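A short write-up of the structure that comes next.
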Amino acid sequence: MNTHILSPTAPLPAHDSVEAVAEVTLPLAGHAAHAVPKAGASAGPPGKLALKAQELVKSAVPQLLGLALLVLAWAGISMATGGSIPTPGATGEQAIALFSDPFYRNGPNDQGVGWNVLASLERVAIGFGLAALVGIPAGFLIGRFRFLSRMFNPIISLLKPVSPLAWLPIGLLVFKGANPAAIWTIFICSIWPMVINTAIGVQRVPQDYMNVARVLNLSEWKIATRILLPSVLPYMLTGVRLAVGTAWLVIVAAEMLTGGVGIGFWVWDEWNNLNVMNIIIAIGVIGIVGLALELLLVQVAKAFTYEEVKS
Amino acid sequence: MSDRFIELQGISQSFKTAKGLFLALENIDLRIAKGDFVALIGHSGCGKSTLLNLIAGLTTPSSGVLLCANREIQGPSPERAVVFQNHSLLPWLSCYENVHLAVERVFSQKESKAQLKERSDAALALVGLGHARDKRPGEISGGMKQRVGIARALSMEPRVLLMDEPFGALDALTRAKLQDELLEIVARTRSTVVMVTHDVDEAVLLSDKIVMMTNGPAARIGEVLSVDIARPRRRVELASDPEYLRCRQAVMDFLYTRQSHVEKAA
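Chains A and B, in that order, are what the protein sequence lines are.
Take 10 as the starting number for the first sequence in our numbering and just add one per residue.
Take 23 as the starting number for the second sequence in our numbering and just add one per residue.
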């Protein structure tokens with residue numbers, strides 16, 4: 010929905026806050042202003058480009074204003090705290106310096122921000138992947154068979170509200186290592202939304218489709234591949250989206266506890282170094298990666314959602 | 023034998039509800055001859071769809087016996103194809119794939135891939151949808167979807183075609199067009215058809231027999247009317263046909279005088 014916010018945020022221009030905003034705003038506004046007369050001058054469809062430009066301005070202006078407000082508030086807080094929270098400008102300069110060399114390695118505890126993000130993403134991918142491997146089939150079974158749903162629903166209800174971090178010590182104990190324990194935590198937090206949503210999806214397969222299957226006397230395999238899977242897919246993808254969102258939330262906290270390489274550890278390390286600028290940059294990075302994951306999965310979900318049954 | 027192709031003997035159907043047992047159908051006896059077009063008509067909630075689902079085998083009766091070609095109806099089967107009220111096409115499959123799913127199931131044992139493909143295409147052509155073969159249900163109109171549903175049912179070469187208010191959701195013009203098409207198709211395929219409807223004109227236009235049901239709960243067959251109008255029937259000519267008017271009058275009389283919708287039971 011707001012991908013154009015993304016590009017200006019990441020590398021904040023290295024100036025004073027107000028100027029920075031002006032710099033971000035101007036090129037866009039200027040572009041729009043150029044586009045209008047150009048489109049009008051071309052002989053082809055006269056209004057189309059101009060309309061598009063107008064649309065762009067309409068959606069971009071409030072977004073940029075919101076961003077400006079955030080930076081202003083930040084600058085205000087920075088002034089009010091007497092500089093213990095660094096200014097947007099200084100943080101921006103630091104960010105440029107950081108992002109100019111994201112993949113360096115100076116020993117295990119001093120690696121570039123790129124490596125840290127990738128390490129976190131890798132843990133999320135493994136933990137989440139394992140959870141999908143277990144959770145989606147489990148959801149199918151729980152959704153399909155009443156007996157199983159009665160058997161497992163109380164357990165799921167009991168364990169779901171537990172913070173996944175509470176499972177971290179168990180992971181450390183069983184797997185005897187920080188990295189597998191962090192992955193284990195991700196596994197635990199991602200599995201619930203996938204089990205629950207898949208099960209709900211299976212339970213909500215429209216009776217009409219099942220009647221079609223019965224009248225056509227379809228084989229179990231055809232029922233699974235042609236009816237169950239496609240109609241459950243949107244629910245499953247919602248589960249996946251929720252799971253990835255939670256996993257990305259949890260990994261930061263888990264890494265703060267386990268250490269090693271990772272964006273969560275990096276935040277904690279920078280806190281120990283009292284490098285507040287890097288912490289703020291990390292917050293931005295975590296947000297952007299989370300947003301990117303979310304947008305990606307929304308796109309995937311859109312591609313697999315079909316119109317409803319009713320005519 | 024042929025005048026009792028489908029036979030219902032003492033069928034009752036009750037459902038468990040929160041308020042206890044609900045008796046939907048009581049003691050239904052009905053015979054349907056091979057090649058007959060039978061309409062089930064009655065007010066909403068009289069159990070006509072329940073009756074159709076029983077013939078389809080989608081539900082089993084609480085008591086009584088259902089026979090089709092002298093065999094007890096044990097469950098759903100492709101030989102009794104159903105055209106569902108809301109078409110029930112699978113939205114992730116194209117029109118062709120929707121039909122082909124049925125064709126494959128019925129004929130893949132005996133026929134080659136090319137023959138199967140031919141059957142699916144022929145079924146779509148039969149309902150005049152050859153051009154929409156690769157479209158998804160979401161991309162075509164309601165009338166077209168219903169036609170794909172009919173094509174899917176016909177493609178299985180069923181002994182009986184069961185239709186549950188197939189044109190109920192369509193506008194009047196589309197409905198008339200599909201009724202005419204159905205008349206033609208049925209004349210060509212000589213199918214036995216049982217159709218649920220609440221439209222008097224539709225019932226008289228299409229059927230050989232009209233089964234009129236009393237209001238539920240505990241609905242019964244009130245009357246069976248034979249429609250003796252020669253085929254092919256043409257909608258425009260029928261408008262002044264005395265037999266047509268007589269039948270129409272009889273059904274109207276049954277529905278609106280003797281079984282006027284009252285008794286807030288449901």
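Built from N, CA and C at the ideal position, the CB exists for glycine as well.
Note that the coordinates shown come from a computational prediction; the quantities given were computed from them, not determined experimentally.
Requested in this report: Note down, in chain order, each residue of its chain lying with its Cβ closer than 8 Å to the Cβ of F37(B), except the 5 sequence neighbours on either side.
Outcome: L43, F44, A46
Query - Cutoff 8 Å: I28(B) Cβ touching any chain A Cβ - result: False, the Cβ-Cβ gap to chain A never drops below 8 Å.
Report task. Round the Cβ separation of A187(A) and G268(A) to the nearest angstrom and send it over; I've been treating them as touching at under 8 Å. Result -> The pair is a contact, with the Cβ atoms about 6 Å apart (cut-off 8 Å).
Requested in this report: Look up R93(B) in the DSSP assignment and give the residues it is bridged to.
Outcome: Answer by DSSP bridge pairing, in chain order: C90(B).
Query raised in the report: Should A69(A) be listed as close to the ligand PLP, given that the test is whether its C-beta is under 7 Å from any heavy atom?
Result: Of the ligands one can find in the structure shown there are none, so the ligand PLP has no counterpart to examine.
Report task. Taking only beta-carbon positions, decide if V309(A) is within less than 8 Å of chain B. Result -> no
Query - Those residues which DSSP pairs with A194(B) across a bridge - result: DSSP, once it has assigned bridges, lists no residue as partnering A194(B).
Report task. Show which residues of chain B have a CB atom less than 7 Å away from the CB atom of L227(A). Result -> R127
Query raised in the report: Taking the continuous alpha helix (DSSP H) assigned at K169(A), which residues delimit it?
Result: Where K169(A) is concerned, there is no enclosing alpha helix (DSSP H), given that its DSSP letter is neither H nor E.
Report task. Closer than 8 Å by C-beta to K157(B): which residues in its own chain qualify, once you throw out the five before and the five after it? Chain order, please. Result -> S116, C117
Query raised in the report: Name the chain B residues that come within less than 8 Å of D217(A), Cβ to Cβ?
Result: Those are F106, N108, S110, listed as they occur along chain B.
Query - Rounded separation between R26(B) and V216(B) - CA only - result: 14 Å
Query raised in the report: Quick one: what's T39(B) bridged to in DSSP?
Result: Under the DSSP definition of a beta bridge, T39(B) partners with G42(B).
Query raised in the report: In angstroms, rounded to a whole number, what distance separates the CA positions of A48(A) and A77(A)?
Result: Because A48(A) sits at a pLDDT of 41, beneath the cut-off of 50, its placement in the model cannot be relied upon, and the following sentence gives the value as read from the coordinates. Roughly 30 Å separates the two Cα atoms.
Query raised in the report: Out of S163(B), G152(B), S213(B), which has the shortest C-alpha to C-alpha gap to A175(B)?
Result: S213(B)
Query - Three-state class that DSSP yields for K67(A) in the structure shown - result: helix
Query raised in the report: At a Cβ cut of 7 Å, what residues of the region 74-90 of chain B count as close to chain A, listed as they run along the chain?
Result: A78, L80
Requested in this report: Output the distance between the C-alpha atoms of A19(A) and I105(A), rounded to the nearest integer angstrom.
Outcome: Caution is warranted here: a pLDDT of 37 is assigned to A19(A), below 50, making its placement in the model unreliable, and no coordinate value can be reported.
Query raised in the report: By Cβ distance, which residues of its chain are closer than 6 Å to V182(B), with the 5 residues on each side in sequence left out?
Result: Closer than 6 Å at Cβ, skipping near neighbours: R102, T214.
Requested in this report: Could you say if the region 197-215 of chain A and the region 147-158 of chain A meet the contact criterion of at least three C-beta pairs nearer than 8 Å?
Outcome: Contact annotation: the region 197-215 of chain A touches the region 147-158 of chain A, with at least three C-beta pairs closer than 8 Å.
Query raised in the report: Does any CB atom of chain C fall closer than 8 Å to the CB of R155(A)?
Result: Absence of chain C from the displayed structure is noted, the protein chains being A and B.
Query raised in the report: Between L304(A), V294(A), V307(A), V276(A), which lies nearest to D119(A) when the distance is taken from Cα to Cα?
Result: Among L304(A), V294(A), V307(A), V276(A), the Cα nearest to that of D119(A) is on V276(A).
**Report entry** Residues near C90(B) by beta carbon distance below 6 Å, same chain, minus five either side
**Finding:** Within the same chain, C90(B) has close Cβ partners I28.
Requested in this report: Would you mind working out which of M185(B), D223(B), H109(B) sits nearest S262(B), comparing C-alpha positions?
Outcome: Here the closest residue by C-alpha is D223(B).
Query raised in the report: Counting only beta-carbon atoms, is V221(A) nearer than 8 Å to chain B?
Result: yes
Query raised in the report: Hey, W158(A) and A208(A): beta-carbon distance below 8 Å or not?
Result: Rather than Trp, the amino acid found at residue 158(A) in this sequence is Ser. Taking the C-beta atoms as reference points, A208(A) is found nearer than 8 Å to S158(A).
Requested in this report: Helix, strand or coil for I232(B), going by three-state DSSP, please let me know.
Outcome: strand
Query raised in the report: Are the C-beta of P98(B) and some C-beta of chain A separated by less than 8 Å?
Result: yes
Query raised in the report: If we count the other Cβ atoms within 10 Å of its Cβ and call it buried at 16 or more, is D110(A) buried or exposed?
Result: exposed
Query raised in the report: Nearest chain A C-beta to L247(B) closer than 8 Å, yes or no?
Result: no
**Report entry** CB contact flag (I95(B), G69(B), <8 Å)
**Finding:** Taking 8 Å as the Cβ cut-off, I95(B) and G69(B) do not qualify as a contacting pair.
Requested in this report: Please say whether L112(B) and I236(A) have beta carbons closer to each other than 8 Å?
Outcome: yes
Requested in this report: Please report the residue range of the beta strand (DSSP E) in which R102(B) lies.
Outcome: 102-105
Query raised in the report: Buried or exposed: where does V273(B) fall if 16 or more other Cβ atoms within 10 Å of its Cβ makes it buried?
Result: buried
Query raised in the report: Among all the DSSP beta bridges, which residues are the ones paired with A120(A)?
Result: According to the sequence shown, residue 120(A) is Gln rather than Ala. Q120(A) pairs with R114(A).
Report task. Report yes if the CB atom of F137(A) is closer than 8 Å to the CB atom of I195(A), and no otherwise. Result -> Yes, the pair counts as a contact, with Cβ atoms nearer than the cut-off.
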